[in-house]
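Notes for the one structure printed next.
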Amino acid sequence: MYAIIKSGGKQYRVAEGEFLRVERDILGSADKDKVTFSEVLMIGGDKPKVGAPTVSGASVLATVLRESRGDKIIVFKKKRRKNHTKRKHGHRQNLVEVRIDSIKV
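Position one of the sequence shown corresponds to residue 47 (my numbering), numbered consecutively onward.
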């Protein structure tokens, strides 16, 4: 059995026992041990259920394992004009690694 969940504007396909890295800002404080994803878009398996837009009463339970940061992304802007300067910015996203414990229908 698998589920498609929505977290932070992104959609993830998850199954029980899998590991997933999601954005920490969306989960709030990641100090909690358990996290519940309530926006389940689809549940697949023998009897698939598709939500409109979400499956009512379905949720995915996960355990927080650790916090980390993603790879550095370089943002570089330049225009070939006289009064426009080059701009370089870097960004690293705060992530939380979770283990999917169960999918409840």
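Beta carbons are placed, not taken as given, at the ideal position from N, Cα and C, and that holds for glycine.
Asked                                                                                                                                                        : Found
Rounded to the nearest angstrom, what separates Glu113 and Arg127 at their Cα positions?                                                                     : 42 Å
When you compare each of Asp71, Lys56, Val106, Gly116 to Gly63 by their alpha carbons, which one comes out closest?                                          : Val106
State the CB to CB distance for the pair Lys150 and Thr109, rounded to an integer number of angstroms; the pair is presumed to be in contact (CB under 8 Å). : Not quite, the Cβ-Cβ distance comes to about 15 Å (not below 8 Å), so this is no contact.
Does the pairing of the stretch 134 to 146 with the stretch 115 to 122 give three or more beta-carbon distances under 8 Å?                                   : yes
Let me confirm a value: Arg65 is counted as buried when at least 16 other C-beta atoms fall within 10 Å, else exposed. Which label applies?                  : A small fix is needed here, since residue 65 is Phe in this sequence, not Arg. Counting Cβ neighbours within 10 Å, Phe65 comes out exposed, since fewer than 16 surround it.
Using the C-alpha atoms, what's the distance from Leu141 back to Pro94?                                                                                      : 30 Å
How about Leu87 and Gly97: are their beta carbons less than 8 Å apart?                                                                                       : yes
Buried or exposed: which applies to Ser53, given that a residue is buried once 16 or more other Cβ atoms fall within 10 Å of its Cβ?                         : buried
Give the straight-line distance between the Cα atoms of Arg59 and Ile89, rounded to the nearest whole angstrom.                                              : 10 Å
Using beta-carbon positions only, say whether Gly91 and Tyr48 come within less than 8 Å of one another.                                                      : yes
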